[in-house]
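Using my numbering, the first residue of the sequence shown is number 36, and each one after it goes up by one. Glycine included, every Cβ here is placed at the ideal spot set by N, Cα and C. This report concerns only the one structure given below.
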Amino acid sequence: MQGRLLQQIRCYAFAVNDLALYLDTHPTDQKALCLHRKYCQELKDLEDKYQKVYGPLTINYPCNKWRWLEEPWPWEGGILNVDL
């Protein structure tokens with residue numbers, strides 16, 4: 036579940052960035068603008084879902100608890116060894 040959720044976050048983040056670059060050169064494309072807004076919301080929802088269960092993705096996530104030391108390090112079988 037965690038690996039799948041991270042993969043979805045990466046896909047939406049890529050799509051949001053790619054659409055932003057497209058919109059830089061095509062600012063009047065309403066279809067692309069609507070799709071960008073939709074993907075931004077979906078990305079936010081996925082990030083919120085992930086962070087509520089697994090902890091922060093970035094330092095900017097507003098939580099009151101550090102969970103970095105509670106989980107295994109990458110060399111102990113942590114997140115980097117997840118099959119996607």
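Measure the beta-carbon distance from residue i to residue j and round it to whole angstroms, keeping in mind my assumption that it falls under 8 Å.
i, j, result
"Leu78", "Ala48", "6 Å"
"Tyr57", "Ala67", "6 Å"
"Gln42", "Leu81", "Going by Cβ atoms, the distance from Gln42 to Leu81 rounds to 10 Å, so no, they are not a contact pair."
"Leu40", "Lys84", "7 Å"
For residue i, collect the residues of the same chain with a Cβ closer than 7 Å to its Cβ; drop the 5 residues on either side in sequence, then sort them by chain order.
i, result
"Tyr89", "Gln37"
"Leu70", "Leu54"
Ends of the alpha helix (DSSP H) at residue i?
i, result
"Glu77", "65-89"
"Leu40", "37-60"
For residue i, I'd like the list of residues in its chain whose CB is within less than 6 Å of its CB, leaving aside the five on either flank, ordered along the chain.
i, result
"Cys75", "Val51"
Within its chain, find whatever has a CB closer than 8 Å to the CB of residue i; leave out the 5 residues flanking it on each side and keep chain order.
i, result
"Leu92", "Ile44, Glu82, Tyr85, Gln86"
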